[in-house]
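Residue numbers for the sequence shown, in the working numbering: 22 to 420. Beta carbons are placed, not taken as given, at the ideal position from N, Cα and C, and that holds for glycine. Take a look at the structure set out below.
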Amino acid sequence: MKLLKEDIKNNVLQSMMELLAQRKDHIIAANKKDLEAFSGDDQALYERLIVDDSKVEDMIRAVREVKDQQDPVGQTISDDTLENGLNITNRTAPFGTIMIIYESRPDVTIEAAVLAFKANNKILLKGGKEAHHSNEELVKCWHQALKDNDLSTDWIQYLKMDRTATQEFLKNPDQPLDLIVPRGGERLIEFVKLHAKCAVLVSGRGNNFAYVAPSADIEKVIPVIVNAKTNKISGCNALDKIYIDQNHPDFENVSRRIEKELTDKEVHIVASKEFTDILETNDLIEDQNVWFQEFLARKAAMGTVNGLADAIERINTYSGGHSNIILTENKDDAATFMEQIDSAAVYHNASTRFTDGGQMGVGAELAISTDKLHHRGPLGLKQLVTNKYYVSGTGQIRE
Numbered sequence: 022m023k024l025l026k027e028d029i030k031n032n033v034l035q036s037m038m039e040l041l042a043q044r045k046d047h048i049i050a051a052n053k054k055d056l057e058a059f060s061g062d063d064q065a066l067y068e069r070l071i072v073d074d075s076k077v078e079d080m081i082r083a084v085r086e087v088k089d090q091q092d093p094v095g096q097t098i099s100d101d102t103l104e105n106g107l108n109i110t111n112r113t114a115p116f117g118t119i120m121i122i123y124e125s126r127p128d129v130t131i132e133a134a135v136l137a138f139k140a141n142n143k144i145l146l147k148g149g150k151e152a153h154h155s156n157e158e159l160v161k162c163w164h165q166a167l168k169d170n171d172l173s174t175d176w177i178q179y180l181k182m183d184r185t186a187t188q189e190f191l192k193n194p195d196q197p198l199d200l201i202v203p204r205g206g207e208r209l210i211e212f213v214k215l216h217a218k219c220a221v222l223v224s225g226r227g228n229n230f231a232y233v234a235p236s237a238d239i240e241k242v243i244p245v246i247v248n249a250k251t252n253k254i255s256g257c258n259a260l261d262k263i264y265i266d267q268n269h270p271d272f273e274n275v276s277r278r279i280e281k282e283l284t285d286k287e288v289h290i291v292a293s294k295e296f297t298d299i300l301e302t303n304d305l306i307e308d309q310n311v312w313f314q315e316f317l318a319r320k321a322a323m324g325t326v327n328g329l330a331d332a333i334e335r336i337n338t339y340s341g342g343h344s345n346i347i348l349t350e351n352k353d354d355a356a357t358f359m360e361q362i363d364s365a366a367v368y369h370n371a372s373t374r375f376t377d378g379g380q381m382g383v384g385a386e387l388a389i390s391t392d393k394l395h396h397r398g399p400l401g402l403k404q405l406v407t408n409k410y411y412v413s414g415t416g417q418i419r420e
């Protein structure tokens, strides 16, 4: 797709905001069809599916935030003139064509497309069947916004394919693909990585841990853990696992307090055998693979560790590399934890729920990347570009 001037792109986004406001009732009605057709007991998937007045307002706000951001394309990264007279300028450039595959989450149809388009990328949207009506209505808005500004609807394409057709498309796409972002559970991510023929950027797997260190202040611990676990059960930045250091001077009371506060919020606790006769739960962990699992449910696992090094080793072994917390009043321990934990975001005395583009000042996000190339963490507008070298000479040749 050709490079568009910033004012043209912003005009499309202005049209999109107006269309979302005008067609809010149609969008919510389409979403109601999806909610009524929803089957299964996956509460996290259902929660992600819901579109109401507030969610539409969030969509409009996401478009506005991206519209107000500087065009990320053509920004100078470096500009040098060599001894031989060559001028070498490195500038940001679009990826080209991005495909995103996602389950539920109609808001992704807005956030992914607005970011890709503002960064001058073509985007292919492969939403889940559970959000079909919602996504179709939102894509109608996108196509109308493009048409209103004399642009091709090819910039934003909605792919209606089942699993078999998606597999075939990944193996033999009918157009060049530069990047694929699977945004969902582990099965989806593995499916895409197995079949894709281009770069895949992994997003979304959580399995986040909190380490309650010996110097942790219980009055800080409780609100942080409760918020991280219960603020949004379906979020990939939700807390799943809690390690309590057995060297905490009030170990048993701290453990009981955490369990009670979570069970009062209807969170089911599973615990390692060290908590036998300490906690109320009778659900003790037999299979250690539970520490690898992302719950996306009102469920949390509690275990013990023996010191900071033990906590770091276990978290780096089991976590999804998304977001992890240390709760401590010892700043040196906090610094060591944050340096040595291998994840996109590390926290000291704060909830993992802040791993979010809007909360981190990035704005709308395509996804939360847990890969290390080309970017880790929230993928916002500035992260949806690559780079290109511009080399200008006066007839130089290499000897």
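- Taken through DSSP and simplified to helix, strand or coil, P115 comes out as strand.
- Pairing G324 with H369, the inter-Cα distance amounts to about 19 Å.
- The alpha carbon of L260 has as its nearest neighbour, out of A231, D363, S390, G95, the alpha carbon of A231.
- By the CB criterion at 8 Å, V406 and T113 fall inside the cutoff.
- Annotation: the continuous beta strand (DSSP E) that includes L146 extends over 143-147.
- Restricting attention to V202, K45, V94, A65, the CA atom closest to the CA of I81 is found in K45.
- Separation of the CB atoms of G401 and L200 is rounded to 15 Å, and the pair is thereby denied contact status at 8 Å.
- Shortest Cα-Cα distance from A51 to any of S155, N252, F316 involves S155.
- Annotation for H289: the continuous beta strand (DSSP E) segment containing it runs 289-292.
- Taking the CA atoms as reference points, L25 sits about 40 Å from N228.
- The count of Cβ pairs closer than 8 Å, one atom from the stretch 145-153 and one from the stretch 115-126, reaches three, so the stretches are in contact.
- Around the beta carbon of E158, 16 or more other beta carbons sit within 10 angstroms, so the residue counts as buried.
- Every beta strand (DSSP E) stretch that sits fully inside the stretch 177-229 and reaches 3 residues is listed by chain position as 177-179, 200-204.
- Per DSSP, reduced to three states, the secondary structure at N345 is strand.
- In this structure, S255 lies away from E124, with their beta-carbon atoms at least 8 Å apart.
- At the C-beta level, A166 and I131 stay beyond 8 Å of one another.
- Contact check for I243 and R204: beta-carbon distance about 32 Å, past the 8 Å limit, so the pair fails to qualify.
- In this structure, T102 places its C-beta atom within 8 Å of the C-beta atom of N108.
- The beta carbon of I306 sits closer than 6 Å to the beta carbons of V291, S293 from its chain, once the five residues preceding and following it are set aside; these are given in chain order.
- Here the stretch 388-403 lies against the stretch 339-348, with 3 or more beta-carbon pairs under 8 Å apart.
- Here N370 carries a coil assignment [DSSP, helix/strand/coil].
- In the structure shown, L107 falls within a coil segment according to DSSP collapsed to helix, strand and coil.
- Around the C-beta of S364, 16 or more other C-beta atoms lie within 10 Å, and the residue is accordingly described as buried.
- In this structure, the straight-line span from the alpha carbon of E39 to that of K218 is close to 38 Å.
- Per DSSP, the continuous beta strand (DSSP E) segment holding M323 begins and ends at 320-326.
- No Cβ-Cβ contact shorter than 8 Å links I210 with V233.
- Here the alpha carbons of I333 and I347 stand approximately 10 Å from one another.
- The C-alpha of Q91 lies about 11 Å from the C-alpha of K30.
- Secondary structure of P244 (DSSP, three-state): helix.
- DSSP places A234 outside both helix and strand once states are collapsed to three, so it counts as coil.
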